[in-house]
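Each residue of the sequence shown is one higher than the last, beginning at 40 in my numbering.
Since the structure comes first, as structure tokens, the remarks are kept for the end.
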Amino acid sequence: MTQQERRRGRDETEEERADRMWGELIQEVRVAQTGVQILFGFLLTVVFQQKYASLSQADQAIYIVTVVLGACATGALIGPVSLHRLVSGRRVKPQAVRLASRMTFVGLLLLLVTMGSSLLLILRVATNNGYVPYLVTAVVLWYLVCWYGLPLWARRKHSSDG
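Shown next, in the form of structure tokens:
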């Protein structure tokens, strides 16, 4: 097998790579944006429900933290769109892709915490049982495995970086 046959990857310029990576990133962000926007929209309606007034102070505090986390996740996951719009045509796409990727990573972390916090609040209100923290921890661990553990394992196992 020749060196050329063993070669992996694409033969692309930095700009071509940035264009490809930008397209992939935007597709990923579209999925996450939809989820976070729906979750955030539902969270915003809770305070207007009759039952909200009867929540304990702890549950109200969890709700407020959850809404703030949801707002932050929404901002971070919509941020790449604004970034692209403001730097489009400025010949900084490789740098914009790196920044948008970081924003997306932060947005996913915030979404993870928002979902965990939402689940905690819902299960506390719905069950008022002592097993709720364990159930929420198990779900958050599942998210961590699916969102970070398996992808990092695959990156390490199948990386062409050596």
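No residue lacks a Cβ here, since even glycine has one placed at the ideal position from N, Cα and C.
With 16 other Cβ atoms within 10 Å as the buried cut-off, status of residue i
i: valine 68; result: buried
i: alanine 92; result: exposed
i: proline 119; result: buried
i: threonine 29; result: As displayed, the chain neither begins before 40 nor continues past 201, which places residue 29 out of reach and without an answer.
Span separating the alpha-carbon of residue i from that of residue j
i: valine 131; j: serine 95; result: 50 Å
i: arginine 49; j: arginine 59; result: 11 Å
i: serine 156; j: lysine 90; result: 18 Å
i: glycine 114; j: glutamine 72; result: 9 Å
i: leucine 159; j: aspartate 98; result: 9 Å
i: glycine 201; j: arginine 195; result: Below a pLDDT of 50, predicted positions are generally treated as unreliable, and glycine 201, at 48, falls in that range; no measurement from the model is reported.
Beta-carbon proximity check, residue i vs residue j, cutoff 8 Å
i: threonine 143; j: leucine 116; result: yes
i: alanine 110; j: phenylalanine 79; result: yes
i: tryptophan 61; j: valine 145; result: no
i: leucine 162; j: tyrosine 182; result: no
inquiry  = I want to know whether the region 80–90 touches the region 101–116 - three or more CB-CB distances under 8 Å.
reply    = yes
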